[in-house]
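**Student:**
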Amino acid sequence: MPLIPEEPQIHESAQGPRVTPAAGRTAPTPRPVPGPRSAASPRPGNPGPGQARPAPPAPPTQRASGAAAKPQPSRPEHRSAPQIQLIPAPVGGALDAADEAVDLLLDSGRAPGDVLVLTTGDQHPWAAHELSFGEDAYWAQHDARDDVFYADAASAGRAAERPVVVVAVNGGPDGTAARALPAALEKASGLLIVCGDPQQINTVLGAGV
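According to the numbering used here, the stretch in the sequence shown is residues 76 to 284, in order.
#1: So, under 8 Å CB-CB, Cys-270 and Val-240 are touching, yes? Tell me the CB distance rounded to an integer number of Å.
#2: Indicate whether the contact test is met: 3 or more Cβ pairs, each with one atom in the segment 176-186 and one in the segment 205-219, closer than 8 Å.
#3: So, do the segment 222-236 and the segment 159-170 have three or more beta carbon pairs nearer to each other than 8 Å?
#4: So that I know if they touch, is there some Cβ in chain C lying closer than 8 Å to that of Asn-245?
#5: Return the CA-CA distance between His-204 and Ala-228, expressed in angstroms with no decimal places.
#6: Taking the continuous alpha helix (DSSP H) assigned at Arg-254, which residues delimit it?
#7: Where in the segment 169-229 do unbroken runs of the beta strand (DSSP E), each at least 3 residues long, occur, reported from the N-terminal end onward?
#8: Quick one: is Phe-224 buried, meaning 16 or more other Cβ sit within 10 Å of its Cβ, or exposed?
#9: So is Thr-278 buried or exposed if we call it buried at 16+ other beta carbons inside 10 Å?
#10: How is Gly-247 classed by DSSP in three states: helix, strand or coil?
#11: Could you say which of Ala-186, Arg-220, Ser-230 and Ala-263 lies nearest to Gln-198 if we only look at CA atoms?
#12: If I measure Cβ to Cβ from Gln-275 and keep anything under 8 Å in the same chain, skipping five residues before and after, which residues do I get?
#13: With 16 other CB atoms within 10 Å as the buried threshold, where does Gly-188 fall?
#14: Between which residues of its own chain and Gly-246 is the CB-CB distance below 6 Å, once the five residues before and five after are set aside?
#15: Could you give the first and the last residue of the continuous beta strand (DSSP E) run that contains Pro-163?
#16: With which residues is Val-241 paired in a DSSP beta bridge?
#17: What three-state label does DSSP hand Ala-231 in the structure shown?
Okay, here's the thing in structure tokens:
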């Protein structure tokens with residue numbers, strides 16, 4: 076059903092899917108393409124080092140009981156659906172809206188490595204620049220989880236789950252948004268922010284996302 080405009084604010088919650096629209100925004104401004112950087116360097120436009128990647132959990136040990144312990148079947152992980160926030164923006168301004176959302180998240184204390192940004196149309200300038208050095212180096216930065224990572228929505232299947240996923244619905248072939256939003260929802264463990272045309276996004280959300 077249609078969204079009711081509210082005050083612009085990003086809320087983080089682990090309680091069921093919800094769409095929270097934000098107020099309109101000003102015309103987008105061009106952003107410079109960042110220069111070469113290492114995986115631990117700060118994201119474009121935000122000084123300061125990224126946070127270290129958390130250590131992986133230790134593997135479970137087997138009990139010694141005469142015979143080898145039988146492997147236990149994996150239990151399905153039950154997690155609350157992420158909160159969904161809508162930021163209205165035209166196609167040409169969706170990328171700027173996504174960048175502003177990321178800035179707000181980082182300013183509020185969110186770790187850069189917690190955030191994944193997906194685009195349905197043109198690549199984010201950072202992603203386009205880093206891909207010029209090869210896909211191996213590009214995805215190595217994703218695996219390091221030291222910084223905000225930007226990717227094309229078509230590559231969402233290769234991206235790992237992160238607490239926050241921001242989607243810029245900035246164009247692309249027909250049906251791209253309809254495929255990107257469910258994929259983004261799978262990758263967001265706490266909050267999904269969608270920047271784009273409210274009518275288009277509501278149509279997708281109403282279809283069962």
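Every residue, glycine too, gets a C-beta built ideally from N, C-alpha and C.
**Tutor:** Taking the coordinates as given:
#1: 12 Å between Cβ atoms; not a contact.
#2: The segment 176-186 makes no contact with the segment 205-219, as fewer than three CB pairs between them are under 8 Å.
#3: In this structure the segment 222-236 does not lie against the segment 159-170, because fewer than three pairs of beta carbons, one per stretch, are closer than 8 Å.
#4: Note that chain C does not occur in the displayed structure, where there is just one protein chain.
#5: 17 Å
#6: 251-262
#7: 190-194 and 224-227
#8: buried
#9: exposed
#10: coil
#11: Ser-230
#12: Val-244 and Ala-252
#13: buried
#14: Val-166 and Gly-196
#15: Looking at the DSSP string, the run of the beta strand (DSSP E) that includes Pro-163 is 158-163.
#16: Beta-bridge pairing links Val-241 to Val-192 and Ile-268.
#17: helix
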